[in-house]
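Colleague: So that we are looking at the same thing, I have put the structure below in structure tokens.
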Amino acid sequence: MKKKLKVVYMRPREKPVAWVGMFMLLKGTKRPHLAHAYVNAWSAARSGKWLEDNYGYGHANTLARPSSSDLLKALRLTDPRAVTEPNAHLDRDIPRRALYARMWEEVKAS
Numbered sequence: 200m201k202k203k204l205k206v207v208y209m210r211p212r213e214k215p216v217a218w219v220g221m222f223m224l225l226k227g228t229k230r231p232h233l234a235h236a237y238v239n240a241w242s243a244a245r246s247g248k249w250l251e252d253n254y255g256y257g258h259a260n261t262l263a264r265p266s267s268s269d270l271l272k273a274l275r276l277t278d279p280r281a282v283t284e285p286n287a288h289l290d291r292d293i294p295r296r297a298l299y300a301r302m303w304e305e306v307k308a309s
């Protein structure tokens, strides 16, 4: 976006893939007392805004908003239904995933 290139977010006709992230605290961790602070930091609106501005990821914190209103619209962050069926599919087996991955590598290499 800084270079003013004309790019758009891909919205495949098969619908985009959404995913749910999570945090785990493993048994025997050496610093369990830091777990809540870590999750709180990731859950903060500031972290969500950074993810949206830098990676185009949506965030669970509804107070997080990207700097650009165009990005807000492209990510459909004002519509919670945008990442649920039938508008998006939760990550699962995708038979053509290898093809999509190769195509993505070509895009990144260009």
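First residue of the sequence shown? That's 200 in the working numbering, and the numbers climb one at a time after it.
Note that the Cβ used here is the ideal one computed from N, Cα and C, for glycine as well.
(1) Taking buried to mean at least 16 other C-beta atoms within 10 Å of its own C-beta, is E284 buried or exposed?
(2) With a floor of 3 residues, list each beta strand (DSSP E) that falls wholly inside the stretch 237-298, ordered by position along the chain.
(3) Assuming A281 and A273 form a contact by the criterion Cβ under 8 Å, report the distance between their Cβ atoms to the nearest whole angstrom.
(4) Whole angstroms are fine: how far does the CA of L250 sit from the CA of Y317?
(5) Straight-line CA distance for N310 to G220?
(6) Buried or exposed: where does G227 fall if 16 or more other Cβ atoms within 10 Å of its Cβ makes it buried?
(7) Using 8 Å as the cut-off, can you tell me whether the stretch 200-214 makes contact with the stretch 262-279, which would need three or more C-beta pairs spanning the two stretches below that distance?
(8) Let me make sure I understand the geometry here. Which of D290, N239, S267 has the alpha-carbon closest to that of D252?
Modeller: Concretely, from the data shown:
(1) exposed
(2) DSSP runs (the beta strand (DSSP E)) wholly in the stretch 237-298: none.
(3) The Cβ separation is near 11 Å, so there is no contact.
(4) The structure shown has nothing for residue 317, since the chain only spans 200 to 309.
(5) Outside the modelled stretch of the chain, which goes from 200 to 309, sits residue 310, for which no answer is possible.
(6) The residue in question, G227, is exposed, as its Cβ has fewer than 16 Cβ neighbours within 10 Å.
(7) yes
(8) S267
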